[in-house]
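Sequence order for the protein chains is W and P.
Read in order, the letters of the first sequence are residues 537 to 684 in our numbering.
Read in order, the letters of the second sequence are residues 537 to 684 in our numbering.
There are 2 protein chains.
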Amino acid sequence: MSGGHGHSAPPLLTALANAGVRVTEPRRAVAALVTAQDGHFTTAELVTAARAEHPGLGRATIFRALDLFTLLGLVERVDLPDGGHAWVACETAHHHHAICTRCGRSTEVDDHGLAEVLAEVAGRSGFRVTTHRLEVFGTCASCVAASA
Amino acid sequence: MSGGHGHSAPPLLTALANAGVRVTEPRRAVAALVTAQDGHFTTAELVTAARAEHPGLGRATIFRALDLFTLLGLVERVDLPDGGHAWVACETAHHHHAICTRCGRSTEVDDHGLAEVLAEVAGRSGFRVTTHRLEVFGTCASCVAASA
DNA sequence: GGTCCATCTGAGACACGGTATCAACTAGAC
DNA sequence: GTCTAGTTGATACCGTGTCTCAGATGGACC
Ligand SMILES: [Zn+2]
Ligand SMILES: [Zn+2]
Ligand SMILES: [Zn+2]
Ligand SMILES: [Zn+2]
């Protein structure tokens, strides 16, 4: 996965171009940082990585890029159990994440079955659902295996 | 609900006593503030309310009390869609909240059906689930009715 | 290639949520 | 009443995220 001389633009950049926003050098840098992350990452981690690999890249710019990527559905904010925030690169379709608290990697979870839960909320109480968020935390298969 | 001269200790206080922690004046004050809230509330709101009704009550103490109540399962943190935090008073059993984004009131949602979703995550990928969080946002029945 | 302007950037100041420290206080056990 | 561990409030502090604004730059148009 590392190495290789692939020139194919990372999907993140292609998406940027398609969205009709400027593809600038700083945004390219943030995109590179994001795709380099394995699993979820905090802004602090990204800022640290930036300081090493892209000195001169401003902190505010990182936050702005992350906001932009979020708007475009290329990245998603995760609310950690401790109240902090992290991010995951992901596809644009609606889904959720199962996050390994050990290695930080995340698997996408689809809604199969959740619709029922939501329908019940709606039906029983007359509540009209507009959004929902589901976050699953645990240990991924390989971390389970590694600790066995 | 307001007024009245009921002397029955609020459930929050009884729970404190049962948990074997000191029932202090400041904690009583925070408990009163919390039970006075209708729906979810932010720490900022609680601090403001405190300034009015319990001058001298320290900010840190409010945070500490909230932490304690959380530990005892009397209150729960909610992660708002905008990344902010709020709190809801609630029962100690595992459950989730359907939060009205209009009036702030919340209904408890139980897991009926969610177990399946989690089981599928586990089964398909070998992920071992330890915690999860589900938050549902929308408009409650009475707000729907009010806006019709 | 060169010109131009809306958009974007970086620096730094700022607002805010939450935590750490520490001397003074107090609940509650004896 | 005495005593002590647990608690409190003031205050300083830290981390996260936002705002402002002068200067830079992407990319459209020539
Ligand atoms: Zn893992
Ligand atoms: Zn969903
Ligand atoms: Zn409502
Ligand atoms: Zn649940």
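All C-beta atoms in this analysis are idealised placements derived from N, C-alpha and C, irrespective of residue type, glycine included.
Note that the structure is predicted; figures quoted are calculated from it, not measured.
Along the chain, where does the beta strand (DSSP E) containing residue i start, and where does it finish?
{"i": "W:Gly674", "result": "664 to 675"}
{"i": "P:Val611", "result": "611 to 615"}
Taking Cβ-Cβ distances shorter than 7 angstroms, what residues in chain P pair up with residue i?
{"i": "W:Asp615", "result": "Asp615"}
{"i": "W:Ala479", "result": "Since the first residue shown for chain W is 537 and the last is 684, residue 479 of chain W is missing from the structure and cannot be characterised."}
{"i": "W:Glu652", "result": "Gly649"}
Between which two residues does the alpha helix (DSSP H) containing residue i stretch?
{"i": "W:Thr571", "result": "561 to 572"}
{"i": "P:Val653", "result": "650 to 661"}
{"i": "P:Thr550", "result": "547 to 555"}
What does residue i reach in chain W if we use C-beta pairs closer than 9 angstroms?
{"i": "P:Leu604", "result": "What P:Leu604 touches in chain W: nothing, since even the nearest Cβ is about 16 angstroms away."}
For residue i, which residues in chain W fall below 7 angstroms Cβ to Cβ?
{"i": "P:Val680", "result": "Gly662, Arg664"}
{"i": "P:Arg600", "result": "Going along chain W, no residue has its Cβ under 7 angstroms from P:Arg600, so there is no contact; the nearest lies around 15 angstroms."}
So which residues on chain P does residue i lean against when the C-beta distance must stay under 8 angstroms?
{"i": "W:Glu612", "result": "The premise fails here: W:Glu612 is roughly 12 angstroms from chain P at the closest Cβ pair, so nothing lies under 8 angstroms."}
{"i": "W:Val559", "result": "By Cβ distance, chain P contributes nothing, its closest Cβ being about 27 angstroms from W:Val559, past 8 angstroms."}
Would you mind giving the Cβ-Cβ distance between residue i and residue j, rounded to the nearest angstrom? I have them listed as a contact below 8 angstroms.
{"i": "P:Gly674", "j": "W:Val665", "result": "4 angstroms"}
{"i": "P:Arg685", "j": "W:Glu671", "result": "No statement about residue 685 of chain P is possible, as the shown extent of chain P runs from 537 to 684 and does not include it."}
{"i": "P:Val653", "j": "W:His648", "result": "7 angstroms"}
{"i": "W:His631", "j": "W:Asp646", "result": "6 angstroms"}
{"i": "P:Phe577", "j": "P:Ala622", "result": "6 angstroms"}
{"i": "W:Ala586", "j": "W:Leu602", "result": "The Cβ separation is near 11 angstroms, so there is no contact."}
{"i": "W:Thr571", "j": "W:Pro591", "result": "Their Cβ separation, rounded to whole angstroms, is 19 angstroms, which puts W:Thr571 and W:Pro591 out of contact at 8 angstroms."}
{"i": "W:Leu610", "j": "W:Ala551", "result": "6 angstroms"}
{"i": "P:Cys626", "j": "P:Cys676", "result": "At roughly 16 angstroms, the Cβ-Cβ gap does not stay under 8 angstroms, so P:Cys626 and P:Cys676 are not in contact."}
{"i": "W:Leu593", "j": "W:Val557", "result": "Actually they do not touch by this definition, with Cβ atoms about 18 angstroms apart."}
List, in chain order, every chain P residue whose beta-carbon is nearer than 9 angstroms to that of residue i.
{"i": "W:Thr667", "result": "Pro617, Thr637, Glu671, Val672, Phe673, Gly674"}
What residues from the region 623 to 650 of chain W come within 8 angstroms of chain P, judged by C-beta to C-beta, listed N to C? Ala634, Cys636, Thr637, Thr643, Val645, Asp647, His648, Gly649, Leu650
Uninterrupted beta strand (DSSP E) stretches inside the region 582 to 641 of chain P (no shorter than 3 residues): 611 to 615, 621 to 625, 632 to 636
Name the residues in the region 565 to 592 of chain P whose C-beta lies less than 9 angstroms from a C-beta of chain W; which are they? none
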